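Structure, as structure tokens:
Residue numbers (our numbering): 17 to 430.
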């Protein structure tokens, strides 16, 4: 509900809702959707798309653990050990039940994109850097590229002559080498096809004849399975993939660094999902947040105008360095960070674990006092390094679900 008031010549609009969520990434969308599913009116404010569309599109639960060499292959088993060893880790705070419910929520939300995988066992999938990455949940268009699949089939990496930045020969050699380092016998060939830069653009928009043309070129190569960069587009990718499959082409997309089409697909779907559930979304930024024991004042800037937000609960899911949440004042997390002329420990950069300190119910602490109307989710939380652990979207969905549940008056126990 929007109202307006004027004081001292300054007019300020006011929005009144049950739950206000700040952040448009995976954690913010999960929190907003969860609260909406519990019958609450929800306002979601986000400045930009943040880190989620820059991701690979895979949902990592736990890929590395500091006490282990190599990759984590049984994430839920190691998650239990992690929660025992690191009591302030987001997973330890919300508990295993929230992890499972949050990732189940993610699969339900992403059903139109076709996600698969398991929380019990990681899958090793290739990327365009030439290595394999452990992940729990991933787009179905990635599945035939798993290390176990590649070890059993005659496979090739396919490049496109119009994509001069991708060298399929080098990529095939790097992936074959990486597979051998992981104890697998997967030797990949390589091929380059001429599809034209215009052809790739038309394919991304699902020009009717282009999938058939691509299918013909890939089928002519004669391999059991072929790996291609993620060129199937952002909105029409599943239809294109189905068209290729109907022509008998077995293929897999190879995960890419930013800009990442699978990451963009994920982000677009999450925002659509929240809207479908009745969440009101606004592009803006958090301009002011006064909190000491309780939220005293919350103001957002939308299109150059200031809007005061009054809510029963507030969820902060503004990200860290990429999303910009690291610089929000009021909880004095990183703004006081100073550089000192000293050597940093080689084991882990402490700044990568910075974030907001919370209590056992995800309430942020302002000057040591928990703010009971507010909740924190996603990478804005401190106590973990998503980049070294490979736990980014797993934490986002787990804590996003938990924050949305708590903000709407629910429980995260059991």
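The beta carbon of each residue, even a glycine, is placed where N, CA and C say it ideally should be. Just so it is clear, the structure is predicted and the values come from calculations on it, not from any experiment.
The count of Cβ pairs closer than 8 Å, one atom from the region 252 to 268 and one from the region 46 to 63, stays below three, leaving the stretches out of contact.
Nearest neighbour of residue 424 by Cα position, chosen from 315, 307, 391 and 413, turns out to be 391.
Excluding sequence positions up to five before and after residue 149, its CB lies within less than 6 Å of the CB of 141 and 143, all in the same chain and listed in chain order. Using a Cβ distance threshold of 8 Å, residue 310 and residue 388 count as a contacting pair. Membership of residue 116 in the alpha helix (DSSP H) is indicated by the continuous run 106 to 125.
Taking the CA atoms as reference points, residue 91 sits about 13 Å from residue 411. In terms of Cβ geometry, residue 188 and residue 166 do not form a close pair [threshold 8 Å]. Boundaries of the beta strand (DSSP E) around residue 244: 241 to 244. Take residue 247, set aside five residues on each side of it, and the residues of its chain with a beta-carbon closer than 6 Å to its own are 216, in chain order. In summary, residue 105 is buried, with 16 or more beta-carbon neighbours lying within 10 Å of its beta-carbon over all protein chains present. Non-local beta-carbon contacts of residue 133 in its own chain, meaning distances under 8 Å to residues more than five positions away in sequence, involve 75, 139, 151, 152, 153 and 154 in chain order. Annotated three-state conformation of residue 411 is helix, per DSSP. CA-CA distance, residue 195 to residue 315, rounds to 52 Å. Classified as exposed, residue 384 has fewer than 16 neighbouring CB atoms from the shown chains inside 10 Å of its CB. The region 324 to 335 and the region 82 to 102 do not touch, with fewer than three beta-carbon pairs separated by less than 8 Å. Taking all protein chains shown into account, residue 237 has fewer than 16 neighbouring C-beta atoms within 10 Å of its C-beta and is therefore exposed. Per DSSP, the continuous alpha helix (DSSP H) segment holding residue 45 begins and ends at 42 to 53. When DSSP states are grouped into helix, strand and coil, residue 213 belongs to the helix group.
Cβ contact annotation for residue 375 (same chain, cutoff 8 Å, sequence separation greater than five): 381 and 386, in chain order. Around the C-beta of residue 277, 16 or more other C-beta atoms lie within 10 Å, and the residue is accordingly described as buried.
About 14 Å separates the beta carbon of residue 190 from that of residue 245, a gap too long to meet the 8 Å contact definition.
According to the DSSP assignment, residue 262 belongs to the alpha helix (DSSP H) that extends over 253 to 262. Residues of the same chain with a CB within less than 6 Å of the CB of residue 36, apart from the 5 flanking positions on each side, are 59, 325, 327 and 330 in chain order. Annotation: the region 159 to 213 contains the following complete segments of the alpha helix (DSSP H) (minimum length 4 residues), in chain order: 163 to 166 and 184 to 197. For residue 396, the closest C-alpha among the options 67, 197, 249 and 426 is that of 67. In its chain, beyond the 5 residues on either side, 37, 58, 60, 290 and 295 have a beta carbon closer than 6 Å to the beta carbon of residue 48. Residue 232: member of the alpha helix (DSSP H) spanning 226 to 235, first to last residue. When DSSP states are grouped into helix, strand and coil, residue 75 belongs to the strand group. For residue 131, the uninterrupted beta strand (DSSP E) segment begins and ends at 131 to 133. In this model, residue 402 and residue 43 are separated by some 13 Å (Cα to Cα). DSSP, reduced to helix, strand and coil, places residue 101 within a helical segment of the structure shown.
For residue 278, the uninterrupted alpha helix (DSSP H) segment begins and ends at 277 to 292. The beta carbons of residue 78 and residue 407 sit about 5 Å from each other, so the pair counts as a contact at 8 Å. For residue 409, the closest of 120, 306, 320 and 202 by C-alpha to C-alpha distance is 120. Comparing alpha carbon positions, the residue from 207, 239, 250 and 213 closest to residue 280 is 250.
One Cα belongs to residue 128, the other to residue 301, and the distance between them is close to 29 Å.
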